[in-house]
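Worksheet: one structure, shown below.
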Amino acid sequence: GQQVMQIPQYQHVQEGEDFTTYCNSSTTLSNIQWYKQRPGGHPVFLIQLVKSGEVKKQKRLTFQFGEAKKNSSLHITATQTTDVGTYFCAVPGGGKLTFGQGTILTVHP
Amino acid sequence: DAGITQSPRHKVTETGTPVTLRCHQTENHRYMYWYRQDPGHGLRLIHYSYGVKDTDKGEVSDGYSVSRSKTEDFLLTLESATSSQTSVYFCAISESNRLSEQYFGPGTRLTVT
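Listed in order, the protein sequences are those of chains A and B.
Heads up, the numbering used here is the position in the first sequence plus 1, with the first residue counted as 1.
Heads up, the numbering used here is the position in the second sequence plus 437, with the first residue counted as 1.
Here it is as structure tokens:
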């Protein structure tokens with residue numbers, strides 16, 4: 002199936018700092034999805050990117066799809082304690098979605 | 438949140454016993470999935486269904502079976518539970534195809550002693 006590398010595995014920030022997580026694939030992707038999972042919760046769909054170079058924003062969250070459609074990033078501006086959780090990317094491959102291992106974000110107040 | 442429920446939410450069972458987890462949806466979505474989530478492994482697909490009585494294996498299907506007799510229900514059975522199946526199990530649904538966005542249930546925490 003499709004392989005996707007997500008980095009970093011962990012990120013600790015002070016409240017107000019920015020945060021970025023990256024997903025990288027060795028092959029060209031048709032699309033990429035992002036999910037968030039709060040501690041003790043379930044994954045929640047955030048967004049899907051389809052076009053080369055696409056940039057989408059949701060309040061303080063900015064999602065980018067690389068020009069070559071092999072990588073993507075999720076950037077959070079001025080983190081808040083409500084941003085804590087694990088952020089996953091998911092990519093299609095072998096007829097199914099494959100999830101990255103996730104980036105665990107902790108925010109210190 | 439999508440109308441997805443899982444039961445039970447927590448279960449402790451002994452090695453060698455059969456266990457069935459239930460996923461119920463009220464969205465009438467065609468596709469349903471079972472994942473397990475373990476530290477360091479992310480979400481791994483166990484089985485999925487693309488319609489009533491239509492199921493297929495995922496990447497970690499050994500020791501698990503599934504059934505879907507109605508659109509709204511997808512059952513995951515551990516035929517003879519082992520300690521390696523201690524995990525959090527999530528059900529998910531998607532509407533149009535296996536590559537569209539998925540909506541997850543609240544999860545079942547299973548401990549096999």
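Yeah, the Cβ is synthetic: ideal placement off N, Cα and C, and Gly gets one too.
query	result
Can you confirm whether Q102 of chain A, when its beta carbon is compared against all beta carbons of chain B, has any partner nearer than 8 Å?	yes
Exposed or buried, which one is V503 of chain B when buried takes at least 16 other CB atoms within 10 Å?	buried
Is the beta carbon of T28 of chain A sitting closer than 8 Å to the one on K97 of chain A?	no
Note down, in chain order, every chain B residue with its Cβ under 9 Å from the Cβ of Q49 of chain A.	S537, E538
Going along chain B in order, which residues have a C-beta closer than 8 Å to the C-beta of H43 of chain A?	F527, F541, G542, P543, G544
Starting from the beta carbon of Q34 of chain A, find every residue of chain B whose beta carbon is closer than 7 Å, and list them in chain order.	E538
In terms of alpha-carbon separation, which member of B:Y501, B:H466, B:P476 lies closest to V489 of chain B?	B:H466
Check the Cβ of L513 of chain B against every Cβ in chain A and list those closer than 7 Å, keeping chain order.	Per Cβ cutoff of 7 Å: no residues; L513 of chain B is ~16 Å from chain A at best.
Comparing C-alpha positions only, which one of A:N25, A:A91, A:V108, A:T104 sits nearest to G67 of chain A?	A:N25
Is any beta-carbon of chain B found at less than 8 Å from that of F66 of chain A?	no
Is Q539 of chain B helix, strand or coil by DSSP?	coil
List, in order along the chain, the chain B residues whose C-beta lies closer than 8 Å to that of K97 of chain A?	L482, Y485, G495, R535, L536
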